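Numbering (my numbering), first residue to last: 177 to 757.
Let me begin by presenting the structure, written as structure tokens, before commenting on it.
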Amino acid sequence: MSVQLRQVFMGSALLALTGTACLAAGGGAKTPAAIDIRDPYLLQWSDLTYDKAPPAPVPGVDYGMRPDGSFQAPKATPLGSSPNFPGQIEGWDDKSYSLNVEPIAFYPNVSSPFHAWVEVADFDGRRFMYVHDRDYIRVLDVTDPARATVVYSEGGVWGPDGSSEKWDAKTVQNYWGGLTFAWSPSLGKMVAVASYEIGRYGLLENKRTQPEQVAALRNYNSLKGFKVYEMNGPLPSDWKLIATRTTDRVNPQAPIGEQQGSGALDAVAWNGGKYMFLSAAPDDAHALTEYPDYLHSPGYQVWDMSDPADPEFVTQITVPGQVVGDAASEAAFLMNPRAGNRTSWMGSRMAPFLPKPVEAGGTIAFGAMGGLGLYSFDISNPDKPAILGHVNTPPSFAGTEFDNADVSQFARTGYVFANGYPMNSNCYEPYKDILVIDARAPSELKVAAKFPRPTPPAEAGFTDYCQRKGSFGPKRSGTNQPGHGRDGLVAYAFYNAGLQLFDVSNPLEPKIAGYYVPRFPTEAEMPEYTFENGSFAAFVEYDRNIIWLFSVNGVHALSSSLLGGPKSGLPGELWPPRTTH
């Protein structure tokens, strides 16, 4: 979700995010707010560097369309401002485009227009899909993907007038994010783990100028950690809470309002076995990040889930350049060319990516850690994980870097795919490539190739997706998907370029194999300020050959000849598997 979109949604005025005046969406310069840092951890972070925030480039001068119809991206931008540039099309494109992808059905107003986590689970001969973010959840019976029905709904439903429910990010307390489902052999039933982290939207815009908001986040009014539920049926109303844990390692008994750290980000990585991995900053000293509206640099935690009703902390994984007050960590941070840019996310955003679970003999994990790069870890002894290798690239900001890693082809090829994603709209930042990482020797990670940049078909009437308006670039390829993946094929949500399917049979020569780019909605369907988010999540049922694409106005059920014919009903094996691997 772009920062501009988030701020419109929250009804906040766009503030200057750095000590440099930046262009607002309307094109005028704003006077920067006065620096006012009172938090001791932020003071230590700020004192390490001088202000190297990027200036605001001029549309049509510093970036824009070239004579040959290609787009010249800006070299660096501040976070938040997304002006239009000369050469963009008028209005919002009302055409759809497809190659090797066919629509099955469209379900309007399922998610919010901003974000969706997705999980599926099989119960009593039916398949259920869970679409959720912190302020809503929908459960759909998708046993027949052409005739899916909503069987449970909680929270706001979006339409032309916005959300049906108003909420205040500052007062939300039961604010859960990512969900992970797994079969627990010890309990003999399905278990859900719900992540709870500090809210990222509507609470803080610039940590250098808003001391009261910073203090409120330090004393956040919701859990920083995770909860565990017995799934005694498919609906959340059937579930029973069996454990609550904080990721605070300074005081693991701290009550809500006194817990340190970030909480658990996104969804945990757990297959029902002994070891669970998650993204979290364990304390407030994990503060070496340049991102203007976030206080922490999350690392990773390992938890023992032998008894899901009594999770036990195992260890914290911290990499160089995360901890303020630690001389070695500060030195590593200062060696990073992003230090001082007041823009870059530093640290993890998702749990580590495991090509194979520990319980199935897995020994390697990959960690996408934003501006800190991509790490490989030896998890052969999960009690004492060790850094194996590391790779980074030249800075590419605004937007996130090394957010996602796709390990679906690792066992076959030894290659991993890694990407960040855009946070500004209208291509007001460097393009975010999907990188092919040579991990055949996990201790010697190397960037080996890049995925091709999607381009519009000839019938589109424009030559670059940046001209289509909104955000453009890769998001994520999905995790914990039924069937796990498909050799030689990966799918990414690509914002205004919809769904993009890539042939990675040869990972050194990725090719675009198919796409489905839906039309933008009309104002009779959704508020115009949501349009720029395009298509922001993809989830593939590889066991049924169904692709679900989440767009601002609803979810598309899609099929592709590249996957094989779509299937209705349940496949042969239940999902999640009733084993630990």
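Glycine is no exception: its CB is placed at the ideal position from the N, C-alpha and C atoms.
Quick caveat, the model's predicted, so the values are computed rather than measured.
Residue i burial status per 10 Å Cβ neighbour count (16 or more: buried)
| i | result |
| --- | --- |
| T698 | exposed |
| Q429 | exposed |
| Y226 | exposed |
| Q349 | exposed |
| D663 | exposed |
| G575 | buried |
| K560 | exposed |
| S246 | exposed |
| L471 | buried |
| G745 | exposed |
| I313 | buried |
| P216 | exposed |
| E381 | buried |
| R376 | buried |
| A536 | exposed |
| G549 | buried |
| R214 | exposed |
| T755 | exposed |
| A205 | Its pLDDT being 47, under 50, A205 is placed unreliably by the model, and nothing is read from it. |
| I211 | exposed |
| K166 | What the structure shows of the chain is the stretch from 177 to 757, and residue 166 is not part of that stretch, so it cannot be assessed. |
Beta carbon of residue i nearer than 8 Å to that of residue j
| i | j | result |
| --- | --- | --- |
| K622 | A587 | no |
| G301 | A345 | no |
| A292 | A322 | no |
| G448 | Q220 | no |
| Y372 | G353 | yes |
| S736 | G661 | no |
| V495 | A461 | no |
| T519 | A249 | no |
| V286 | W751 | no |
| A392 | V444 | no |
| L684 | L665 | no |
Residue i (DSSP reduced to helix, strand or coil)
| i | result |
| --- | --- |
| N595 | strand |
| L218 | helix |
| A197 | Confidence at A197 is low in this model, with a pLDDT of 34, below 50, so the placement of that residue should be treated as unreliable; the coordinate-derived value is given next. A197 falls in the coil class under three-state DSSP. |
| M702 | coil |
| M511 | helix |
| L739 | coil |
| F185 | Residue placement at F185 is poorly supported in this model, since its pLDDT is 36, which falls under 50; the coordinates are not used for a value here. |
| N580 | strand |
| F638 | coil |
| D424 | coil |
| F670 | coil |
| T491 | strand |
| F678 | strand |
| L746 | coil |
| V318 | coil |
| L393 | helix |
| S121 | Outside the shown range of the chain, which is 177 to 757, sits residue 121, and nothing can be said about it. |
| R323 | helix |
| M177 | Confidence in M177 is poor, its pLDDT being 46 and thus under 50, which makes the residue's placement too unreliable to answer from. |
| E807 | With the chain covering 177 to 757 only, the question about residue 807 has no answer from this structure. |
| G203 | At G203, the pLDDT of 41 sits below 50, so the modelled position is not reliable and the matter cannot be decided from this model. |
| E620 | coil |
| S398 | coil |
| V499 | coil |
| E330 | strand |
| L734 | strand |
| R588 | helix |
| R644 | helix |
| S362 | coil |
| S339 | strand |
With a cut-off of 8 Å, do at least 3 Cβ pairs link the segment 656-674 to the segment 626-645? yes
Under 8 Å, with one C-beta from each stretch per pair, do the segment 440-453 and the segment 477-488 reach the 3-pair mark? yes
Okay, do the segment 543-555 and the segment 577-592 touch, 3+ Cβ pairs below 8 Å being the bar? yes
To test your reading of the DSSP string, which unbroken alpha helix (DSSP H) runs of 4 or more residues are found completely within the segment 214-301? 216-223
Would you say the segment 597-606 touches the segment 623-634, given that touching needs at least three Cβ pairs under 8 Å? no
Using 8 Å as the cut-off, can you tell me whether the segment 402-414 makes contact with the segment 355-375, which would need three or more C-beta pairs spanning the two stretches below that distance? yes
Touching or not, the segment 336-345 and the segment 717-732, by the rule of three or more beta carbon pairs under 8 Å? no
Could you tell me whether the segment 388-403 touches the segment 439-446, where touching means 3 or more Cβ pairs closer than 8 Å? yes
Any contact between the segment 509-517 and the segment 562-572? By contact I mean 3 or more CB pairs, one from each, below 8 Å. yes
Could you say if the segment 648-658 and the segment 697-716 meet the contact criterion of at least three C-beta pairs nearer than 8 Å? yes
Whole alpha helix (DSSP H) runs in the segment 545-573 with 4 or more residues, listed along the chain? none
So, do the segment 418-425 and the segment 269-281 have three or more beta carbon pairs nearer to each other than 8 Å? no
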